[in-house]
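Accompanying notes for the structure given below.
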Amino acid sequence: MATEQELHQGLYDAVVDMDEEQSAELASEVVKAGYDAYAAIEQGLSKGMDKVGELYEQEEYFIPELLLCSDAMYAGIDILKPHIVREETRVQHKVVIGVVEGDTHDIGKNLVKIMLESAGFEVIDLGRDIKAQAFIDAAEENGAEIIALSTLMTTAMPSMQEVVELLEKQDKRDKYKVLIGGGPISPNFAKKIRADAYASTAAEAARIAKDFAAAEEAALQSA
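In terms of the numbering used here, the sequence shown opens at residue 112 and continues consecutively.
Next comes the structure, spelled out in structure tokens:
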């Protein structure tokens, strides 16, 4: 039987190699062996998609390859997701997530959603190519504390800044933590547009969101 690390590497390779059948087969092995399904997604499938994102940025992979890689990733996720042990929290915090206006690539966003749900968050998924005001409206309507913005395209990056600027203009900036991520995004860009945080991976996004939630609970308790 393969070790957990070997299965993680295999899942990584299956995504990068666009091998949907191999991804599903290895995910099934993870389940049969009783290994951690969340870790298999984080250390295998998610890291594989991170590599695919790099190849896309370097123009070694293009949209057709990107889609085939995502199919391989989802083949594994479909098998692993039902076996994720969901974290139970006293208060279920809410996150509004979506791909900003000007971009229709939602692979990364979907992976972040899975990680957030596994971490115990209620996720309001707006989808892709979403106008800036729609994020704010959804956060208001659902009582969310975090707004998570994603893009894979440099041309859509100004839409992230627009969300922050609208929050400031509407005197709502202090109500929400703005978390951004995606291929072309960097910590410097997050600082430039006054976002609260940047996440380079889906797993990191979930960890940052948990830190935000913990800080809010601590502030409420001390108030």
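For glycine and all other residues, C-beta sits at the position ideal for the given N, C-alpha and C.
- Contact between the segment 175-182 and the segment 303-319 is absent: fewer than 3 CB-CB pairs across the two stretches fall below 8 Å.
- When rounded, the separation of the alpha-carbon atoms in F173 and M226 is 26 Å.
- Between A267 and D214, the beta carbon gap of about 4 Å places them in contact (Cβ cut-off 8 Å).
- Annotation: the continuous alpha helix (DSSP H) that includes S134 extends over 131-144.
- Using a 10 angstroms sphere on the CB of K143, the tally of other CB atoms stays under 16, which defines it as exposed.
- Each of G254, D124, M184 was checked against the Cα of N221, and the nearest Cα belongs to M184.
- For G294 against Y167, the beta-carbon gap comes to about 7 Å, under 8 Å, which counts as contact.
- In the three-state reduction of the DSSP assignment, D307 falls in the coil class, being assigned neither a helical nor a strand state.
- For the segment 267-321, the continuous alpha helix (DSSP H) assignments of 4+ residues that do not extend past its boundaries occur at 268-280, 298-303, in sequence order.
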